[in-house]
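Here is the structure we will look at, set down as structure tokens.
In the numbering used here, the protein residues as written are 254 to 634.
Okay, structure coming up:
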């Protein structure tokens with residue numbers, strides 16, 4: 254049964270709150286399916302630095318070929334009213350196609366050009382708001398994918414678990430059955446984020462949508478919730494940014510292949526950090542860098558998980574040395590004693606590891622080229 258609350262969560266294209274300076278709908282003209290933008294792609298929107306854009310994203314779950322490439326039939330078959338199936342998902346599935354052997358599954362919206370962004374600069378993407386567009390999602394496990402390749406899924410067919418979203422005490426939760434078709438449910442909190450946030454690569458070859466890289470892309474870092482920031486090295490003039498792979502929730506690792514995939518309306522702020530300022534703030538880095546209220550989060554990416562870990566450690570040492578001036582062996586010691594290294598995901602061909610460096614730990618450190626912190630003096634009168 255669909256409730257009034259469920260109906261209020263349906264954000265069809267152009268309807269509902271649009272808090273950004275600009276609005277970018279997802280349509281066959283504004284998305285790519287299975288590939289990421291490159292230098293030759295024309296921007297679908299151009300913005301000034303500092304402006305915000307509200308972007309509709311469409312989940313690939315429900316539109317893929319193994320689900321019938323017909324989201325209306327797929328979701329109504331799960332009990333979703335036809336009016337609660339996203340019109341842009343229906344349009345994209347009907348109008349576009351992909352090479353299932355050569356292309357990825359993800360739908361990405363963009364690219365968006367940012368005036369003045371040049372190679373060597375950083376593009377700063379601030380996640381202002383993330384709004385679920387529907388009260389349901391899908392978690393999938395497909396053959397040849399996931400952490401347990403050859404073990405799961407069992408049998409001949411892929412497994413896609415339809416997952417309703419419900420409200421509990423003022424918060425939204427995903428609801429999974431204990432036994433398919435049986436009594437009892439497992440509930441887990443939602444923490445929406447965009448799995449894909451990136452910039453265009455140089456040249457005329459569109460990258461596959463699955464493996465992340467220096468361009469960002471499918472990094473699947475679940476810290477990128479509202480309020481978080483992603484820094485990406487600009488590779489082409491205008492940056493040509495894009496987003497997609499929306500999630501309602503994901504555990505680190507994303508072991509089954511997908512997490513709770515579902516469409517989001519994302520409002521992002523686009524800013525440019527000039528190269529000189531970027532070097533002063535973070536030193537030289539080549540991959541995605543996340544910032545939250547508490548952490549600076551360098552990343553390591555490689556097809557081998559062990560090498561991804563080593564790359565993340567090197568990136569973290571480099572960041573600490575550049576930002577706070579620690580000797581190499583002291584930065585290494587700090588990381589071992591105080592920093593968590595999390596597995597972003599192990600299912601995207603290129604594995605990801607990210608480090609959570611607590612900025613408060615360095616509050617008393619005089620940064621190179623910055624005034625020393627004011628001493629904490631107590632009034633002894």
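No residue lacks a Cβ here, since even glycine has one placed at the ideal position from N, Cα and C.
In this text, all values refer to a predicted model and were calculated from it rather than measured experimentally.
Q: Would you mind stating whether residue 471 and residue 462 have Cβ atoms separated by less than 8 Å?
A: yes
Q) Residues in its own chain within less than 7 Å of residue 299 by CB, not counting five upstream and five downstream? A) 366, 368
Q. Would the beta-carbon of residue 381 fall within 8 Å of that of residue 521?
A. yes
Q) According to DSSP, is residue 313 helix, strand or coil? A) Three-state DSSP puts residue 313 in coil, outside helix and strand.
Q) Helix or strand or just coil, what does DSSP make of residue 600? A) Three-state result, residue 600: coil.
Q | C-alpha distance - residue 442 paired with residue 415, whole-angstrom precision | A | Going from the Cα of residue 442 to the Cα of residue 415 covers about 16 Å.
**Q.** Alpha-carbon spacing of residue 434 relative to residue 512, whole angstroms
**A.** 21 Å
Q | residue 591, enclosing alpha helix (DSSP H) - first and last residue | A | 581-591
Q.
Runs of 3 residues minimum, wholly inside the region 399-484: which ones carry the beta strand (DSSP E) assignment?
A. 412-421, 424-430, 438-442, 446-452, 469-471
Q | Alpha carbon of residue 621 to alpha carbon of residue 588, nearest angstrom | A | 20 Å
Q. Which value, in whole angstroms, describes the spacing of the CA atoms of residue 600 and residue 556?
A. 10 Å
Q: Please state if the CB of residue 572 and the CB of residue 535 are separated by a distance shorter than 8 Å.
A: yes
Q: Give the DSSP-derived three-state secondary structure of residue 566 in the structure shown.
A: helix
**Q.** Spatially closest choice to residue 453 from 489, 336, 607, by CA coordinates
**A.** 489
Q) With distances taken from CA atoms, which of 385, 593, 296 is nearest residue 309? A) 385
Q: Take residue 635 as the anchor and find which of 319, 583, 432, 376 has the nearest alpha-carbon.
A: Residue numbering for the chain in the displayed model covers 254 to 634; residue 635 lies beyond these limits and cannot be assessed.
Q. In angstroms, rounded to a whole number, what distance separates the CA positions of residue 566 and residue 554?
A. 11 Å
Q. Does the region 353-360 touch the region 477-486, meaning 3 or more C-beta pairs lie closer than 8 Å?
A. no
Q: Return yes when the Cβ of residue 597 is within less than 8 Å of the Cβ of residue 498, no when it is not.
A: no
Q | CB of residue 337 within 8 Å of CB of residue 514, strictly | A | no
Q. Residue 268 to residue 306, Cα distance in whole Å?
A. 15 Å
Q) Going along the chain, which unbroken runs of the beta strand (DSSP E) with 3 or more residues stay wholly within the region 480-546? A) 482-486, 494-502, 517-526, 542-544
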